[in-house]
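Trainee:
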Ligand code: ATR
């Protein structure tokens, strides 16, 4: 039996998800077909329903459809509810669609298990307040940081996140940023244009670890900026990508997979 899976995005040609899920499937001896489906915004719901009607087992959702997938789902995990974004849909035995968001758990798993960075009782700064950040805040809060500051170029969006999630999450203005956070996570899309969020370099100290949620085959502009200002360590988001996929795979098949070999495979290919 071939399990039909897919990722919906627009654009989606660059997606590594087929490669990742094929690698997981071969680890556990499952036969999967994983398609990339380029769906313009107006066609997403229709194409997603067609995929399910044709026997789809589940699918992933990437930019710009995570909110539409949230609306499409018949039931939601608490992560998806808080994020108002769904990156994984599972077709339940009765045909209803369950929406999850594995991005936050993927990020925290990468930080803890792959990088060995501690979050509990630490001072964390998150940059950005868009969909990517909303998707990870519940899981970051669950690690019980001492401080969880969210800074955004448009401060009102960060303020509404702090109203939604509550303490210890706090929206901070540029002036209120503290010095030398333990971990700084970039969840803005500034790097897509090679830019870095306009924040003072004092947020970086000699013990600061910097994580860029995007991945790249070269050092990202944000990580280069952190290194210039003396950060202790940096990582891009490749591990998060593979970990969120492993969690999606386990939702579909209830099988645990090894992520390290897949991270290494992708690193070698990029
Ligand atoms: P995503 O799904 O990738 O999160 P998004 O919801 O459009 O996309 O959010 C993009 C985030 O990157 C926002 O926080 C945005 O800040 P604004 O709310 O002020 O728009 C942030 N961002 C994009 N370009 C940026 C830049 N050059 N500097 C700082 N932040 C930037």
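Numbering (our numbering), first residue to last: 94 to 363.
Ideal placement from N, C-alpha and C gives every residue a C-beta, glycine not left out.
Between which two residues does the beta strand (DSSP E) carrying residue 341 extend?
Mentor: As a working note, residue 341 is residue 248 in the chain shown. Note, residue 341: premise wrong, no beta strand (DSSP E); alpha helix (DSSP H) at 331-346.
Trainee: So, for residue 138: in the same chain, excluding its five sequence neighbours on each side, which residues have a beta-carbon less than 7 Å away from its beta-carbon?
Mentor: Here residue 138 is taken as the residue at index 45 of the chain shown, counted from 1. Closer than 7 Å at Cβ, skipping near neighbours: 161, 165.
Trainee: Going by DSSP in three states, residue 300 sits in which element: helix, strand or coil?
Mentor: By one-based count along the chain shown, residue 300 stands at place 207. In this structure, residue 300 counts as coil in the three-state DSSP scheme.
Trainee: Please classify residue 209 as buried or exposed, where buried requires at least 16 neighbouring CB atoms within 10 angstroms.
Mentor: As a working note, residue 209 is residue 116 in the chain shown. That one is exposed.
Trainee: Would you mind working out which of 246, 94, 274 sits nearest residue 302, comparing C-alpha positions?
Mentor: Along the chain shown, read from residue 1 onward, the residue named residue 302 stands at position 209. Nearest of 246, 94, 274 to residue 302, Cα basis: 274.
Trainee: When the Cβ atoms of the region 181-189 are set against those of the region 145-162, are three or more pairs found closer than 8 Å?
Mentor: Because the criterion of three Cβ pairs below 8 Å is met, the region 181-189 and the region 145-162 touch.
Trainee: Within a Cβ cutoff of 6 Å, which residues of the same chain sit near residue 251, ignoring the five residues on either side of it in sequence?
Mentor: By 1-based counting over the chain shown, the position of residue 251 is 158. Taken in chain order, the residues that qualify are 222, 243, 245, 264.
Trainee: Out of 286, 256, 140, 220, point me to the one whose CA is closest to residue 293's CA.
Mentor: Locating residue 293 in the chain shown gives position 200, counting from the first residue. Comparing Cα-Cα distances from residue 293 to each of 286, 256, 140, 220, the minimum goes to 220.
Trainee: If you draw a straight line from the C-alpha of residue 225 to the C-alpha of residue 342, how long is it?
Mentor: Mapped onto the chain shown, residue 225 falls at position 132. Mapped onto the chain shown, residue 342 falls at position 249. Whole-angstrom Cα-Cα distance: 20 Å.
Trainee: Between residue 319 and the rest of its own chain, which residues show a CB-CB distance below 6 Å, the 5 nearest in sequence each way excluded?
Mentor: As a working note, residue 319 is residue 226 in the chain shown. These residues qualify, in order along the chain: 297, 303, 327.
Trainee: Is the number of C-beta pairs between the region 191-203 and the region 333-353 that are closer than 8 Å three or more?
Mentor: At 8 Å Cβ cutoff, the stretches touch.
Trainee: Please report the residue range of the beta strand (DSSP E) in which residue 154 lies.
Mentor: In the chain shown, the residue the question calls residue 154 occupies position 61. Segment 151-154, the beta strand (DSSP E) holding residue 154.
Trainee: With a threshold of 16 other CB atoms inside 10 Å of the CB of residue 329, please say whether the residue is buried or exposed.
Mentor: In the chain shown, the residue the question calls residue 329 occupies position 236. Flag for residue 329 reads buried.
Trainee: So is residue 82 buried or exposed if we call it buried at 16+ other beta carbons inside 10 Å?
Mentor: No information on residue 82 is available, as it lies outside the stretch 94 to 363 that the chain covers here.
Trainee: So the candidates are 291, 332, 175, 287; which of them puts its Cα closest to the Cα of residue 266?
Mentor: Residue mapping note: residue 266 aligns to position 173 of the chain shown, counting from 1. Among 291, 332, 175, 287, the Cα nearest to that of residue 266 belongs to 291.
Trainee: Need the endpoints of the alpha helix (DSSP H) that residue 159 sits in, please.
Mentor: Start at 1 with the first residue of the chain shown, and residue 159 comes out as number 66. Segment 159-165, the alpha helix (DSSP H) holding residue 159.
Trainee: Taking 8 Å as the limit between beta carbons, can you name the residues of its chain near residue 189, skipping five residues before and five after?
Mentor: As a first step, residue 189 is located in the chain shown; it is residue number 96 there, counting from the start. Closer than 8 Å at Cβ, skipping near neighbours: 167, 168.
Trainee: Are there three or more Cβ pairs, one per stretch, closer than 8 Å when the region 102-114 is compared with the region 127-134?
Mentor: Touching, per the Cβ criterion.
Trainee: Between residue 282 and the ligand ATR, is there a pair consisting of the residue's CB and a ligand heavy atom that are separated by less than 7 Å?
Mentor: Against the chain shown, residue 282 aligns to sequence position 189. True, at least one ligand heavy atom lies under 7 Å from that Cβ.
Trainee: What is the residue span of the alpha helix (DSSP H) that residue 143 lies within?
Mentor: Within the chain shown, numbered from 1, the residue matching residue 143 stands at position 50. It spans 137-146 - the alpha helix (DSSP H) in which residue 143 sits, taken as one unbroken run.
Trainee: Within the present structure, is the beta-carbon of residue 156 separated from the nearest heavy atom of the ligand ATR by less than 7 Å?
Mentor: One-based indexing of the chain shown puts residue 156 at position 63. Within the cutoff, so yes.
Trainee: If contacts are defined as beta-carbon pairs under 8 Å, then residue 227 and residue 177 qualify, I think. What distance do you get, rounded to the angstrom?
Mentor: By 1-based counting over the chain shown, the position of residue 227 is 134. By 1-based counting over the chain shown, the position of residue 177 is 84. The pair is a contact, with the Cβ atoms about 6 Å apart (cut-off 8 Å).
Trainee: For a quick check, are the C-beta atoms of residue 350 and residue 120 less than 8 Å apart?
Mentor: For the purposes of this step, residue 350 is identified with residue 257 of the chain shown, where counting begins at 1. For the purposes of this step, residue 120 is identified with residue 27 of the chain shown, where counting begins at 1. Yes, Cβ-Cβ distance for residue 350 and residue 120 is below 8 Å.
Trainee: Is the beta carbon of residue 291 within less than 7 Å of some heavy atom of the ligand ATR?
Mentor: Your numbering for residue 291 matches position 198 in the chain shown. Result yes, Cβ under 7 Å from the ligand ATR.
Trainee: Hey, would you say residue 230 sits closer than 8 Å to residue 254, going by beta carbons?
Mentor: Position 137 of the chain shown, counted from the first residue, corresponds to residue 230. Position 161 of the chain shown, counted from the first residue, corresponds to residue 254. Yes, the Cβ-Cβ distance between residue 230 and residue 254 is below 8 Å.
Trainee: Cβ of residue 207 versus every heavy atom of the ligand ATR: is any distance shorter than 7 Å?
Mentor: Taking the first residue of the chain shown as 1, we reach residue 207 at position 114. Not so, every heavy atom of the ligand ATR lies at least 7 Å from the Cβ.
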